[in-house]
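Chemist:
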Amino acid sequence: MTLLDWTLAVFLLVLLSAAAFGVPRPGSRDPAQRFAAGRTMPWYLLGGSLAATSLSTDTPLLVSGALYAGGLSANWFWLASAPGVLATPFFFARYWRRSGVLTEVEILLLRYGERPPTQAFRLAKAVTEGVLINILVLASVMFAAALLIERFMGLSSAPLIQAGPVGVSPVDMATFGLIAITAGYTLTSGFRAVIRTDIMQFTAAILASILLAVFAMQAAGDDFGSLSKALAAVPGRADLFNLFPAADASVLLLIAFGWWHIAPGNGLFVQRLVSARSESDATLTVFCFTALHFIIRAWPWFIIGALALIYFPGLTKPEAAYALMADRFMPTGGKGLMAAALWAGFMSTIDSRLNWGASYVVNDCCQIFGYRPGPRGERRIETATVLLLAASAFWIASSGAVTSILGIYQYVMILQAGTAFAAIARWYWWRLSIWGEISALVSGIVAGNVIVFMIDLSNATEFGLGILVNMVVGGTVAASVSWLNTRTGPDTACRNFYRRTQVAGPGWNRLRDTDENPPSGLGQTVLYWLLSVGLVYASITVVAALLSGDTGRLAWSLAALAACAGILVLRRTALVKALDFRDVAVKPFRPDAERTAPATMPPPPQDSRSSDR
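Counted the way my numbering counts, the sequence shown spans residues 75 to 687.
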């Protein structure tokens, strides 16, 4: 990198930092201000923030490298999550906003009441997901950032300062400098700063990728006479851009079962849903994220990976293709923008996870022990965040702990599959009990470890079967235990949960009959969800067919796209009705108030949408 590159990169970093530190300090007495921006955020900011959070430092390298190594179909490891992501706005987003909770694990208190097993389960999930797993993810992101800083910017990993067995290298200084800046604005400005910087960071990262793709296509056009001739020279062009390879059991298993555990929303997703200013904003947040995440952001990376097959054939490490293409085609100054984009991707992941992890510590762990936010709430947030940073630094120092991060990711996916049924049934079946959830978690861990011991995680088909088997085991255990545990009928907590959320579906007919509420169907909602999934995959295949030059595939892709989009547009009134927006003020969830609330449930407004508007 030249002096101009470094100047531009540092300038952009200062600009991002100034924008974050310029956000007004939120009230320290109100956790909703620090962790949910006062529940006033619009959908386009939250959707962009979700897209930025999912864009880590190494994401462009992994996606372009996957296409380089195995074509477009090699990206099913993340494309298969589209049905689960789209299930969130159709079946869960409005209910999260309607619930009034602040964190994902707080929903347990609303659903099952303040019982000892509920509090214990809430604490276990908060510590496991918000602290332990969060630390592991933070460590892997920091480790990847350090490697990219070393390789892309040419900084040395050799110790510059040595104090006994501990050495500090220029790479360490750069990495922890970025961490310090990110932690600083996360602590001082809260979730609003996270959202603002996420948008700027995502814009910088995507702009850098688009510029690299444009420069690479221009060079390829000059070298081969035209871009079409350059694409024709890509080895195995037709198969390279084929999203649906010939009967592949692993792809089918991932599409069918690899997304169930994420459908209800979790962690960072839920934080943004409850931060939305209305139910419609919560739902549109996920639609915005879906468009950015699955349809828009990846195409520059795909093009870069494809052209890398021409300029850098035979790479033993496909993930290196992106950096090699950037080094070859980015002009002076452009590499500085690329460096800033890598920093931005790193910071957007770190700030979101620090703020989210702190919300679990303050809102869930502390409150369970009676330590509720007050005048010193800001200090507790700071302490929680510093602890996360310190623990992450420990994991980075132990580099062997993060070299097998893909295996850890697959392992966690199989374990989570055991709780998929319980996470969905919590919303749609009154009989699910806290003991059913606990049993699902325990059986999922036990069965998941047995499955991992028996299969080869590197085999995609066996991995998909492992997910399916643990889903069946966990679902059977949760349903059986819950059925035996709720023979006396719905309890007060269950009734209060339905009274607040007004969840649709036949799983609540027992309560609707009792309280004379009309039932709501899910058939049309399922249809619109499937059409939306088809719309996403058809959009991807249309662009892929254009790049591959396959007119037959282009024709059926356009037909599928037109069919899905046409039905959704023609039935847009019924679609809006199925989404069931009730954009009215939602009271924050307070356990004390729920205990004293009446068990009877008044009917919903006759036309809440029109009255609100």
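Glycine included, C-beta positions come from ideal geometry on N, C-alpha and C.
Please give the ranges of any alpha helix (DSSP H) in the stretch 154-229, keeping only runs that are unbroken, at least 4 residues long and fully inside the region.
Modeler: Qualifying alpha helix (DSSP H) stretches, in chain order: 156-165, 167-173, 181-186, 190-201, 208-227.
Chemist: Taking the alpha carbon of Pro580 as the point to measure from, which residue in Arg505, Arg270, Ile181, Arg196 has its own alpha carbon closest?
Modeler: Looking up residue 580 in the sequence shown gives position 506. Nearest of Arg505, Arg270, Ile181, Arg196 to Pro580, Cα basis: Arg505.
Chemist: Let me know the secondary structure DSSP gives Ala372 once reduced to three states.
Modeler: Residue mapping note: residue 372 aligns to position 298 of the sequence shown, counting from 1. Coil.
Chemist: In its own chain, which residues sit with a C-beta less than 6 Å from the C-beta of Gly158, not counting the 5 before and 5 after it?
Modeler: Looking up residue 158 in the sequence shown gives position 84. Within the same chain, Gly158 has close Cβ partners Trp333, Ile336, Ala337.
Chemist: What residue range does the alpha helix (DSSP H) around Met421 cover?
Modeler: If you number the sequence shown from 1, residue 421 lands on position 347. Met421 -> alpha helix (DSSP H) spans 408-434.
Chemist: Whose CA, out of Leu328, Gly522, Gly538, lies closest to the CA of Ala154?
Modeler: Reading the sequence shown from its first residue, position 80 is the one you call residue 154. The shortest Cα separation from Ala154 among Leu328, Gly522, Gly538 belongs to Leu328.
Chemist: So, are the CB atoms of Ala83 and Leu366 less than 9 Å apart?
Modeler: Position 9 of the sequence shown holds residue 83. Position 292 of the sequence shown holds residue 366. Cβ atoms of Ala83 and Leu366: not closer than 9 Å.
Chemist: Roughly how far, in whole angstroms, is the beta-carbon of Gly310 from the beta-carbon of Ala304, given that I think they are within contact range, below 8 Å?
Modeler: Taking the sequence shown and counting its residues from 1, one reaches residue 310 at position 236. Taking the sequence shown and counting its residues from 1, one reaches residue 304 at position 230. Gly310 to Ala304, Cβ: 15 Å. No contact.
Chemist: What is the residue span of the alpha helix (DSSP H) that Ser613 lies within?
Modeler: Against the sequence shown, residue 613 aligns to sequence position 539. Run containing Ser613: 597-622, per the alpha helix (DSSP H) assignment.
Chemist: According to DSSP, is Val360 helix, strand or coil?
Modeler: The sequence position of residue 360 within the sequence shown is 286, counting from 1. Helix, per DSSP.
Chemist: Which term fits Phe109, buried or exposed, when burial requires 16 or more other beta carbons within 10 angstroms of its beta carbon?
Modeler: The residue given as residue 109 occupies position 35 in the sequence shown. Flag for Phe109 reads buried.
Chemist: With a CB to CB cut of under 6 Å and the five nearest residues on each side skipped, what residues in its chain are close to Leu146?
Modeler: On the sequence shown, position 72 is the one that residue 146 refers to. Excluding positions up to five away in sequence, the list reads Phe315, Leu317, Ala618.
Chemist: Please name the residue in Ala93, Trp117, Thr81, Ser130 whose C-alpha comes closest to that of Thr423.
Modeler: Working through the sequence shown from its first residue, we reach residue 423 at position 349. Among Ala93, Trp117, Thr81, Ser130, the Cα nearest to that of Thr423 belongs to Ser130.
Chemist: With H, G and I counted as helix, E and B as strand and the rest as coil, what does DSSP make of Ala514?
Modeler: Working through the sequence shown from its first residue, we reach residue 514 at position 440. Three-state DSSP puts Ala514 in a helix.
Chemist: Does DSSP put Met115 in a helix, in a strand, or in coil?
Modeler: As a working note, residue 115 is residue 41 in the sequence shown. Note: Met115 maps to strand in three-state DSSP.
Chemist: Give me the DSSP bridge partner(s) of Ala350.
Modeler: The count along the sequence shown starts at 1 and reaches residue 350 at position 276. Answer is Met115.
Chemist: Give the DSSP-derived three-state secondary structure of Val88 in the structure shown.
Modeler: The count along the sequence shown starts at 1 and reaches residue 88 at position 14. Reduced to three states, the DSSP call for Val88 is helix.
Chemist: Along the chain, where does the alpha helix (DSSP H) that runs through Trp630 open and close?
Modeler: Working through the sequence shown from its first residue, we reach residue 630 at position 556. Start and end: 625-644.
Chemist: Applying the criterion that 16 or more other CB atoms from any shown protein chain within 10 Å of the CB defines a buried residue, is Val547 buried or exposed?
Modeler: Counting from one through the sequence shown, the residue named residue 547 turns up at place 473. Its Cβ being crowded by 16 or more others within 10 Å, Val547 is buried.
Chemist: Give the secondary structure of Val137 by DSSP, where H, G and I count as helix, E and B as strand, and everything else as coil.
Modeler: On the sequence shown, residue 137 is found 63 positions in, with the first residue counted as 1. Helix at Val137.
Chemist: If you compare alpha carbons, which of Arg574, Gly540, Leu184 is closest to Val46?
Modeler: Coverage of the chain is limited to positions 75 through 687, which leaves residue 46 absent and any answer about it impossible.
Chemist: Less than 8 Å between the CB atoms is what I'm expecting for Gly563 and Phe495, so what's the real figure, rounded?
Modeler: Counted from its first residue, the sequence shown places residue 563 at position 489. Counted from its first residue, the sequence shown places residue 495 at position 421. Not quite, the Cβ-Cβ distance comes to about 22 Å (not below 8 Å), so this is no contact.
Chemist: Given Val293, which residues of its chain have a CB within under 6 Å of its CB, disregarding the five upstream and five downstream residues?
Modeler: Start at 1 with the first residue of the sequence shown, and residue 293 comes out as number 219. Before going on, a small fix: residue 293 reads as Ala here, not Val. Only Phe403 meet the Cβ criterion.
Chemist: What does the Cβ neighbour count give for Lys661, buried or exposed, with the cut at 16 atoms within 10 Å?
Modeler: Taking the first residue of the sequence shown as 1, we reach residue 661 at position 587. It counts as exposed.
Chemist: Leaving out five residues before and five after Ile442 in sequence, what residues of the same chain have Cβ atoms less than 6 Å from its Cβ?
Modeler: In the sequence shown, residue 442 corresponds to position 368, counting from 1. Excluding residues within five positions, the ones whose Cβ falls inside 6 Å are Gln193, Leu197.
Chemist: At the level of alpha carbons, what is the spacing between Asp79 and Ala413?
Modeler: Translated into positions along the sequence shown, residue 79 becomes position 5. Translated into positions along the sequence shown, residue 413 becomes position 339. So the two alpha carbons sit approximately 8 Å from each other.
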